[in-house]
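S.K.: Numbering (my numbering), first residue to last: 921 to 1032. One structure, pasted below without further comment.
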Amino acid sequence: MTTAAQVLTPGSIDVMLLIPCPWCGPRDQCEFDYGGADVKFPDLHHPPKNSIDDWHKAVHLRENARDEIRELWYHRSGCERWISITRNALTHEFSEPSACDEENTSGNCDAD
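Printed below as a string of structure tokens:
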């Protein structure tokens, strides 16, 4: 498990996260762009199974997790690939990085 460079506490000098890239290894957070939570959004192309209300709930009414969450990160200053990774929202520890397909940068990247 890769951890933050230092636990993020008030008054801490070093607050850079160390993000494990499946291709490049651990890299500083400044090399990445945050892509948001890795969540499955409803398919609006198949109503009435999914509705605009389902989309509204998925986008705007999600709970703010206080434990492990899946996130998307783009390695802008490295391999220029998307990864999906689990981060503990309290400790900022990372685990389970996985690659995303070139076409699949909008969520739902499957772990390897």
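Ideal Cβ placement from N, Cα and C applies to all residues, glycine included. Fair warning: this is a prediction, and the values are worked out from it, not measured in the lab.
Which two residues bound the contiguous alpha helix (DSSP H) that contains ALA985?
M.R.: Taken as a continuous stretch (DSSP letters only), ALA985 belongs to no alpha helix (DSSP H), as it is neither H nor E.
S.K.: Helix, strand or coil: how does DSSP classify GLU1000 here?
M.R.: coil
S.K.: Mind checking which residues open and close the alpha helix (DSSP H) that includes ALA978?
M.R.: 972-980
S.K.: Pair every Cβ in the segment 983-992 with every Cβ in the segment 961-973, then say whether three or more of these pairs are closer than 8 Å.
M.R.: no
S.K.: Is it the case that the segment 1001-1013 contacts the segment 966-979, given that we only count it when at least three CB pairs across the two stretches are under 8 Å?
M.R.: no
S.K.: Who are ASP948's beta bridge partners in DSSP?
M.R.: Answer by DSSP bridge pairing, in chain order: LEU938.
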